[in-house]
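Here's the structure, in structure tokens; my notes come after.
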Amino acid sequence: MPLIGYARVSTEDQTPLPQSEALQTAGCVEIFEEHASGGNRARPVLARVLERISKGDTLVVVRIDRLARSLSHLLEVIERLEAKGAFFRSIQDPIDTGSPQGKFTLQVLGAAAEFERALIRERTKAGLASARAKGRVGGNPGLRTKDTEALRKVRLARQDGYMDRLNATAQDWVPHVRRLRPDMAWEDVLRIVNAPLPRERRWTQSRLLRAVKAYVRDGFLPEAVLGRAGRRTADDRLPTIVAAIKGADPDITLQAICNRLEAMRERTPRGRTSWQPSSVKMLLERASRMGLLD
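If you want it as structure tokens, here you go:
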């Protein structure tokens with residue numbers, strides 16, 4: 001079972017060399033290095049690592065804070081790994097999801113996070129009840145009087161909150177949209193985006209379109225991605241999808257592409273539900289002849 005290492009430092013002035021050496025000593029066959037803030041969830045190298053990891057692999061870090069700065073982000077990454085049948089290990093922390101002890105530690109962390117959220121909800125309810133008992137009316141006075149400036153501030157705050165939530169998931173969908181649109185129909189783009197994601201994080205087409213329009217509006221994506229998709233024959237569709245998966249992760253294996261196509265419930269050229277590497281290889285060769293691969 002391959003061990004995949006991930007090393008992160010916050011600035012260009014720092015070096016990930018000590019982390020990489022520790023990961024190499026731990027037996028990692030591949031090590032990915034990234035210069036990025038730990039508070040930024042949309043890290044391109046981390047996104048590429050999570051996309052590449054397949055069943056049986058283990059993602060290894062020196063310390064948990066090299067991967068995530070918050071418990072919610074850590075649990076989110078581990079859920080993505082578990083959805084692929086992969087594992088997570090931290091060298092300096094007692095977490096190894098491939099062992100019973102590591103799984104127990106993870107369950108404790110998840111329970112602690114849920115307990116913290118419950119405490120916050122109870123404190124909020126108690127505070128509101130106390131205020132009402134003292135005759136204080138909650139809410140923004142400007143909103144109660146429908147003040148134009150107050151309404152504008154609330155609208156901007158909601159928009160900022162929405163963009164923050166999109167930024168936290170950008171690694172899941174932005175690379176695919178940037179690469180595949182408008183050459184591929186939204187229905188197929190959606191299936192490619194959703195294939196590696198756990199069920200609770202999958203997108204609907206309307207949500208994805210709204211997110212893309214917001215990114216186009218703010219200049220994060222070119223307006224061309226919203227253009228009408230060109231028509232393709234039925235024979236061209238499968239090579240296009242396989243080329244898209246390969247293009248998003250050039251190092252992906254034939255078997256991993258098979259797994260992705262099965263997760264998308266895509267049928268083989270002969271109408272079967274189970275894919276074989278030989279069929280994927282044939283489609284990649286066709287995609288290359290069609291000029292769909294770089």
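Under my numbering, the first residue of the sequence shown is numbered 1, with each subsequent residue one higher.
Beta carbons are placed, not taken as given, at the ideal position from N, Cα and C, and that holds for glycine.
Beta-carbon separation of P175 and A263 under 7 angstroms? no
For V29, does the three-state DSSP call read helix, strand or coil? coil
Among all the DSSP beta bridges, which residues are the ones paired with L3? T58
Shortest alpha-carbon distance to P277 belongs to which of R265, Q255, G291? Q255
Terminal residues of the beta strand (DSSP E) in which S90 lies: 87-90
Buried or exposed: where does M184 fall if 16 or more other Cβ atoms within 10 Å of its Cβ makes it buried? buried
Top-ranked residue by Cα proximity to K103, from T268, A287, E82: E82
Cα-Cα separation, I252 to R123: Put simply, the backbone Cα of I252 is about 48 angstroms away from that of R123.
Whose CA, out of E51, A68, D96, lies closest to the CA of K84? When only C-alpha atoms are compared, the closest one is E51.
Could you check which residue in Y215, S54, I241 has the C-alpha nearest to that of T169? Y215
Which residue spans inside the region 137-225 form an unbroken alpha helix (DSSP H) run of at least 4? 141-144, 148-180, 186-194, 205-217
With 7 angstroms as the threshold, decide whether the Cβ of M264 is near any Cβ in chain C. The structure shown has no chain C; it contains just one protein chain.
Beta-carbon proximity check, R69 vs G98, cutoff 7 angstroms: It is not a contact, given that the beta carbons lie outside the stated cut-off.
Which of helix, strand or coil does DSSP assign to D65? helix
By alpha-carbon positions, which one of V62, A118, A111 ends up nearest to I95? V62
What would DSSP say about R8, mapped onto helix, strand or coil? strand
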